[in-house]
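Shown next, in structure tokens, is the structure this report addresses.
Numbering (this note's numbering), first residue to last: 152 to 209.
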């Protein structure tokens, strides 16, 4: 059975590296990193389609 979260190193806003945190999906285009919510916004780049991670409004 697949877990619905991963433990990853995650860069937040100012580029600082956080410790490992739990990351889980919240719906189609939102993730929960630790206790903060972020929206995934699709972006097209040289390597194809990716996502920009932006803080959700509080």
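The beta carbon of each residue, even a glycine, is placed where N, CA and C say it ideally should be.
Going by the CB atoms, is the gap between residue j and residue i shorter than 8 Å?
i           : j           : result
residue 190 : residue 181 : yes
residue 184 : residue 192 : no
Which whole-angstrom value is the C-beta distance of residue i and residue j, which I expect to be below 8 Å?
i           : j           : result
residue 175 : residue 188 : 10 Å between Cβ atoms; not a contact.
Residue i: buried (16+ other C-beta within 10 angstroms of its C-beta) or exposed?
i           : result
residue 199 : exposed
Note the first and the last residue of the continuous beta strand (DSSP E) segment covering residue i.
i           : result
residue 207 : Residue 207 -> no beta strand (DSSP E), and no H or E assigned at all.
residue 187 : 187 to 196
residue 181 : 181 to 184
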